[in-house]
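The next block holds one structure in the form of structure tokens; read it before the comments.
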Amino acid sequence: MAVRSTTKGEDAASKLRKQYPNAEINVWQLDMSSYDSIRGFVARVEKDLHRLDVAILNAGLGFGHFKIIPATGHEETVQVNYLSTMLLTILLLPILKSKSPAGSPGRLTISTAMLSIAAKFANKNEIPLLPSFDDEKFFDSRDVYSTSKLLGQMFVWKLTDVVSANDVVVNLVEPGFIKGTALHSDRPVATKVFMGLFMAAAARPVQVGASTYIDASILKGEESHGCILMNWEISPYAPIQYTPEGKTIMDRLWQETLSEFSFVDVNGLLKSL
Numbered sequence: 000m001a002v003r004s005t006t007k008g009e010d011a012a013s014k015l016r017k018q019y020p021n022a023e024i025n026v027w028q029l030d031m032s033s034y035d036s037i038r039g040f041v042a043r044v045e046k047d048l049h050r051l052d053v054a055i056l057n058a059g060l061g062f063g064h065f066k067i068i069p070a071t072g073h074e075e076t077v078q079v080n081y082l083s084t085m086l087l088t089i090l091l092l093p094i095l096k097s098k099s100p101a102g103s104p105g106r107l108t109i110s111t112a113m114l115s116i117a118a119k120f121a122n123k124n125e126i127p128l129l130p131s132f133d134d135e136k137f138f139d140s141r142d143v144y145s146t147s148k149l150l151g152q153m154f155v156w157k158l159t160d161v162v163s164a165n166d167v168v169v170n171l172v173e174p175g176f177i178k179g180t181a182l183h184s185d186r187p188v189a190t191k192v193f194m195g196l197f198m199a200a201a202a203r204p205v206q207v208g209a210s211t212y213i214d215a216s217i218l219k220g221e222e223s224h225g226c227i228l229m230n231w232e233i234s235p236y237a238p239i240q241y242t243p244e245g246k247t248i249m250d251r252l253w254q255e256t257l258s259e260f261s262f263v264d265v266n267g268l269l270k271s272l
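For the sequence shown, position 27 matches number 26 in numbering that gives the first Met the number 0, and the numbering has no gaps at all.
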């Protein structure tokens, strides 16, 4: 388990250890707002794990306020939901390839949200694109979550063109709205009350949400490589990704993101796969 707060992580792990006494459950610190933390976590994975079959990346921020992370200079939601998640994805790929069982590809599943279909993405024509997310004039607290998830879907579309499903199966899963999540913890009181009532009435139980991750990361095969899984089935991407405009944006986003990650030679990592 990779967690920002090891105290909370150990609390969750202790409950799992009681339920599954024969399982070995480790809690490792990972701050998705810090590139240094991500690199340190990956180094620990490389050093301490002799085998890695599956990685599920489900960290995310909800509908918050405009905030720049000083260490990276980027808006917090885009940093955590998009940039940091894609960096962790790329850094884990060669480890999953080399440490998965012989004859079986590694598996990497990323949590997403099909709110991307309704993303306004108001700055989509800005050049360069990534720095525009750090300008408060483009920030919309009601849209930043949806747009950040759309960015991830666009990047994975491009990523799986250069990563073979024979090495690592990479897919995205939409788990649905799950009870007990804290995506709206930073919203006004009235919004939190409304979302709490909506969650109680309409959200999926944790067990159902968990089943979508198991399905995507273990049960689905190479046919799911580069796909979005929703309601346990392969589903279309957001419509914009099938348009000429969307493909141009994806190309630009891909190149800018790889440039952002130049400090870890991502081009070299991807070529090595």
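Backbone N, C-alpha and C fix where the C-beta goes; we use that ideal spot for every residue, glycine too.
Since the model is a prediction, treat every value here as computed from it, not as a measurement.
query	result
Distance CB(Thr76)-CB(Val172) smaller than 8 Å	no
Minimum length 4: unbroken alpha helix (DSSP H) runs contained in the stretch 82 to 118	84 to 98
Ile213, DSSP secondary structure in three states	helix
Exposure of Lys148, with buried meaning 16 or more beta-carbon neighbours within 10 Å	buried
Residue burial classification, Ser223 (beta-carbon count within 10 angstroms, cutoff 16)	buried
Burial state of Lys123, where buried means 16 or more other Cβ atoms lie within 10 Å	buried
Contact set for Leu15: own chain, Cβ-Cβ below 6 Å, skip 5 residues either direction	Ile24
Same chain, Cβ closer than 7 Å to Ser36, five either side skipped, listed in chain order	Leu29, Asp30
Exposed unless 16 or more other CB atoms sit within 10 angstroms - verdict on Phe262	exposed
Three CB pairs or more closer than 8 Å across the stretch 55 to 70 and the stretch 103 to 120	yes
C-alpha distance - Arg251 paired with Glu45, whole-angstrom precision	31 Å
Cutoff 6 Å; reference Ser140; Cβ partners in own chain excluding five residues on either side	Phe62
Proximal residues to Pro93 (C-beta, below 7 Å), its chain only, five neighbours per side dropped	Leu268, Ser271, Leu272
Leu48 versus Leu60: straight-line alpha-carbon distance, rounded	28 Å
Under 8 Å between C-beta atoms of Gln152 and Ser115	yes
Segments of 4+ residues assigned as alpha helix (DSSP H) that fall wholly inside the stretch 120 to 184	143 to 158
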